[in-house]
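To keep things clear, I will list the structure first and then write my remarks on it.
Numbering (this note's numbering), first residue to last: 42 to 219.
Listed below in structure tokens is the structure:
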């Protein structure tokens with residue numbers, strides 16, 4: 042009985058110390074991107090979202106995000122373009138099948154708008170980025186949504202070509218309570 046009570050206390054302490062744990066789900070989430078090609082906006086999406094989130098809006102010091110998407114899933118509704126984006130000079134999915142973000146800090150402003158800072162890795166290049174987001178409760182789960190912009194050349198994606206350097210990513214991540 043003592044062992045059972047001790048086990049329960051350890052489990053309770055783990056939840057209190059770490060905050061609420063969530064699992065990012067591919068179903069119900071979307072990761073989309075927009076970029077200009079020949080001056081015309083085009084876009085696509087990724088699937089294969091995986092990861093874990095520790096989130097407590099009342100204690101951001103313990104919050105963390107570790108998320109990735111399947112780079113091979115790039116979809117622009119054009120198979121020829123998708124296959125080109127999968128090649129070595131763009132996403133190099135053969136060697137780097139996942140795009141990953143790992144947070145280092147989460148902050149909030151007075152209006153309950155959050156910002157997460159962390160490391161984004163595309164191919165073999167990691168850059169620190171800051172992402173504004175909202176966190177909307179949905180029953181026991183959360184929907185994390187936002188938009189950010191990166192320079193594709195910072196990640197050695199594509200050479201000099203007809204596409205813009207600026208790429209906008211829009212996301213809505215459904216995270217289910219564990």
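Each residue gets a CB set at the ideal place from its N, CA and C atoms; glycine is no exception.
- Within 10 angstroms of the beta-carbon of residue 81 lie fewer than 16 other beta-carbons, which makes it exposed.
- Rounded to the nearest angstrom, the Cβ distance from residue 108 to residue 65 is 6 Å, consistent with a contact under 8 Å.
- Ranking 146, 161, 165, 124 by CA distance to the CA of residue 210 puts 161 first.
- Here residue 142 is buried, its C-beta having at least 16 other C-beta atoms within 10 Å.
- Each residue's CA atom was taken as its position, placing residue 174 and residue 125 some 31 Å apart.
- Within 10 angstroms of the beta-carbon of residue 202 lie fewer than 16 other beta-carbons, which makes it exposed.
- Between residue 63 and residue 216, the C-beta gap is smaller than 9 Å, which places the two residues in contact.
- Leaving aside the five residues that flank residue 176 on each side, the residues in its chain whose CB is nearer than 7 Å to its CB run, in chain order, 96, 98, 155, 183, 185.
- Secondary structure remark: continuous beta strand (DSSP E) runs of at least 3 residues inside the region 127-158, in chain order: 139-149.
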